[in-house]
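Asker: Submitted below is the structure of interest, expressed as structure tokens.
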DNA sequence: GTACTACCTGAACCTGACTTCAGGTCAAGC
DNA sequence: GCTTGACCTGAAGTCAGGTTCAGGTAGTAC
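Chains as they are written, first to last, in our numbering: chain A, 3 to 147; chain B, 3 to 147.
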């Protein structure tokens, strides 16, 4: 069993954030002793899931819904499975989007390396839009589809 | 030259958002005719960069700084290059983090598929923490390091 | 000449996710 | 017995990133 301070250290989360999560209902059935929160294995796992769902783009409201489901046992396995499948698809989509972002950033890195080497953008302008170095052209075309 | 409505359609951004960006100084030197904004190639490219920098996790404030740099010519190539390199590293880190998130989500998908098939979590509990199917064990270990 | 549409403004409002604040409890060490 | 440190509360504050509102203009269609 851990205190809020210990959990705060374990997850590198401010105490205020953990209390906020509690207030939002993310630890249903959290135990207390003389008013003081006592975090057990269930809450530690809950926090891991919270961080995961948050990272997947889910809001607090929907995380609370999930936590409520976990208190309802086998009856909500289906909903919980669906939730994770949906989040998985969302993250996969997000990673594809970030891949495009990365292409743009790589192009811009090349752009400014070249501009910096030349002292101006003239040579680049002359190469646009379809006479860039092959590797860069590929990035450029993916970005400006 | 495009009107704000056309740009809104092109980028699938609400008009209010584009006006907000303008107010925040993201289109330095934006042309106007009788008060009406006229978006040219420069602004279209600016919006592409804005979306990219936003997706990389940069705030409006820093995007404004970048846009200011673009008006200062060759003197700021170095800063601009550095900015894109920093954003590139940030996105790469973000993708690694998302990869971990994905591992967790895959584990949870398996978990609830199994629980759903069994009607309870008993079999899974018996496999924890180190007797999971190899493929799942790998995910589990990466998550619970 | 008037209705319609697409544009304009500044100011106020909204949402989500926290954080801060003022004031209080409680056990341990000195 | 009193100070210290770690915990507690509800309410208010903050911040980013927009969105909405009330009221106004400008060009075209009939």
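Glycine included, C-beta positions come from ideal geometry on N, C-alpha and C.
Bear in mind that the values here come from a model prediction, so they are computed numbers and not experimental data.
Output the boundary residues of the beta strand (DSSP E) element that contains residue 33(B).
Answerer: 33-35 is the span of the beta strand (DSSP E), which, as asked, contains residue 33(B).
Asker: Compute the Euclidean distance between the alpha carbons of residue 152(B) and residue 109(A), then round it to the nearest angstrom.
Answerer: In the structure as shown, chain B starts at 3 and stops at 147, and residue 152(B) therefore has no counterpart that could be examined.
Asker: Using a threshold of 8 Å, state whether the C-beta atoms of residue 42(A) and residue 12(A) are closer than that.
Answerer: Against a cut-off of 8 Å, the Cβ pair of residue 12(A) and residue 42(A) comes out as no contact.
Asker: Is residue 103(A) close to chain B, meaning its C-beta is less than 8 Å from at least one C-beta of that chain?
Answerer: Answer yes: the Cβ-Cβ gap between residue 103(A) and chain B drops below 8 Å somewhere.
Asker: Taking any Cβ of chain A, which residues in the segment 110-128 of chain B have a Cβ under 7 Å from it, in chain order?
Answerer: Listed in sequence order: 110, 111, 114, 115, 117, 118, 121, 122.
Asker: Going along the chain, which residues of its own chain have a beta-carbon closer than 6 Å to the beta-carbon of residue 102(A), five neighbours each way excluded?
Answerer: Closer than 6 Å at Cβ, skipping near neighbours: no residue.
Asker: Nearest-angstrom Cα distance between residue 145(A) and residue 65(B)?
Answerer: So the two alpha carbons sit approximately 19 Å from each other.
Asker: Return the first residue and the last residue of the alpha helix (DSSP H) that residue 39(B) is part of.
Answerer: Unbroken run through residue 39(B) is the beta strand (DSSP E), 38-40; no alpha helix (DSSP H).
Asker: Any idea which residues DSSP pairs residue 4(A) with across the strands?
Answerer: Looking at the DSSP assignment, residue 4(A) forms a beta bridge with 41(A).
Asker: Distance, Cα to Cα, residue 2(B) vs residue 96(B)?
Answerer: The question about residue 2(B) has no answer, for chain B in this structure spans 3 to 147.
Asker: Excluding the 5 residues flanking residue 2(A) on each side, which residues of the same chain have their C-beta closer than 8 Å to its C-beta?
Answerer: Here chain A covers residues 3 to 147 and nothing more, so residue 2(A) does not appear.
Asker: Taking the beta carbon of residue 85(A) as the centre, do at least 16 other beta carbons fall within 10 Å, making it buried, or is it exposed?
Answerer: Buried, since its Cβ has 16 or more Cβ neighbours within 10 Å.
Asker: Give the straight-line distance between the Cα atoms of residue 132(A) and residue 87(B), rounded to the nearest whole angstrom.
Answerer: Approximately 24 Å, taken between the alpha carbons.
Asker: Using beta carbons (cut-off 8 Å, strictly below), is residue 15(A) in contact with chain B?
Answerer: Taking Cβ atoms only, chain B never reaches closer than 8 Å to residue 15(A), which makes this a no.
Asker: Per DSSP, what kind of secondary structure is residue 26(B) in: helix, strand or coil?
Answerer: Correct three-state label for residue 26(B): coil.
Asker: From which residue to which residue does the alpha helix (DSSP H) around residue 215(B) run?
Answerer: Here chain B has residues from 3 to 147 only, and residue 215(B) is not among them.
Asker: When DSSP labels each residue in this structure, what does residue 61(B) get in the three-state scheme?
Answerer: DSSP places residue 61(B) in coil when its eight states are reduced to three.
Asker: Out of 83(B), 75(B), 89(B), which has the shortest C-alpha to C-alpha gap to residue 116(A)?
Answerer: Minimum Cα distance to residue 116(A) is reached at 83(B).
Asker: Using a cut-off of 7 Å between C-beta atoms, extract the partners of residue 70(A) located in chain B.
Answerer: Under the 7 Å cutoff, chain B gives no residues; its nearest Cβ is about 16 Å from residue 70(A).
Asker: Just to make sure I have the definition right: I need the residues of chain B whose C-beta is within less than 8 Å of the C-beta of residue 89(A). Which are they?
Answerer: 107, listed in chain order.
Asker: Using the beta-carbon count (16 or more within 10 Å), is residue 18(A) buried or exposed?
Answerer: Residue 18(A) comes out exposed.
Asker: Taking the CB atoms as reference points, tell me whether residue 60(B) and residue 89(A) lie closer together than 8 Å.
Answerer: The answer is no: Cβ separation not under 8 Å.
Asker: Cβ of residue 93(B) less than 8 Å from any chain A Cβ?
Answerer: It does: the Cβ of residue 93(B) has a partner Cβ on chain A nearer than 8 Å.
Asker: Secondary structure at residue 73(A), three-state DSSP: helix, strand or coil?
Answerer: In this structure, residue 73(A) counts as coil in the three-state DSSP scheme.
Asker: Less than 8 Å between the CB atoms is what I'm expecting for residue 32(A) and residue 39(A), so what's the real figure, rounded?
Answerer: Indeed, because the Cβ distance is near 6 Å, the residues count as touching under 8 Å.
Asker: Can you tell me whether DSSP reads residue 136(A) as helix, strand or coil?
Answerer: DSSP places residue 136(A) in helix when its eight states are reduced to three.
Asker: Indicate the three-state DSSP secondary structure (helix, strand or coil) for residue 147(A) in the structure shown.
Answerer: Of the three classes helix, strand and coil, the one that applies to residue 147(A) here is coil, per DSSP.
Asker: If you draw a straight line from the C-alpha of residue 34(B) to the C-alpha of residue 71(B), how long is it?
Answerer: If I take the Cα positions, the gap works out to 22 Å.
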